[in-house]
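J.: Dumping the structure here so I can ask a few things about it.
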Amino acid sequence: MIEFDNLEEYLKCGLDFTDFFEREIFDYLLKRDGKLIYNPATRMMCDIHLTPIYYVEQNYVGNRTYL
């Protein structure tokens, strides 16, 4: 599980949004919970309670902060 607490880190890892809904829900949950959690095994973005929210179509490529 990989935690994201801002949009810049999310985009640096090669992840992106496929539609307006994903971007809006990302912003909403980030504001509400302070972070979102990505599960690379299922490729699902989850809230802090690990409830799957949406499927991420892009591949996680990582970055130096997480390696």
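Note that my numbering has the sequence shown beginning at 11, numbered continuously upward. Glycine is no exception: its CB is placed at the ideal position from the N, C-alpha and C atoms.
For the candidate residues Lys22, Asp57, Gly24, Thr52, whose alpha-carbon lies nearest to that of Asp37?
T.: Taking the first residue of the sequence shown as position 1, residue 37 is located at position 27. Closest option to Asp37, Cα to Cα, is Asp57.
J.: Which partner residues does Tyr48 have in the DSSP bridge list?
T.: Taking the sequence shown and counting its residues from 1, the one referred to as residue 48 is at position 38. Tyr48 pairs with Ile12, Met55.
J.: In terms of residue numbering, what span does the alpha helix (DSSP H) encompassing Tyr79 cover?
T.: Only positions 11 to 77 of the chain appear in this structure, which leaves residue 79 out of reach.
J.: Which term fits Leu39, buried or exposed, when burial requires 16 or more other beta carbons within 10 angstroms of its beta carbon?
T.: Position 29 of the sequence shown, counted from the start, is the residue given in the question as residue 39. Leu39 comes out buried.
J.: Between the alpha carbons of Leu77 and Ile12, how many angstroms are there, rounded?
T.: In the sequence shown, counting from the first residue as 1, residue 77 sits at position 67. In the sequence shown, counting from the first residue as 1, residue 12 sits at position 2. Confidence is the limiting factor: at Leu77 the pLDDT is only 45, short of 50, which leaves the residue's position unreliable and the question unanswerable from this model.
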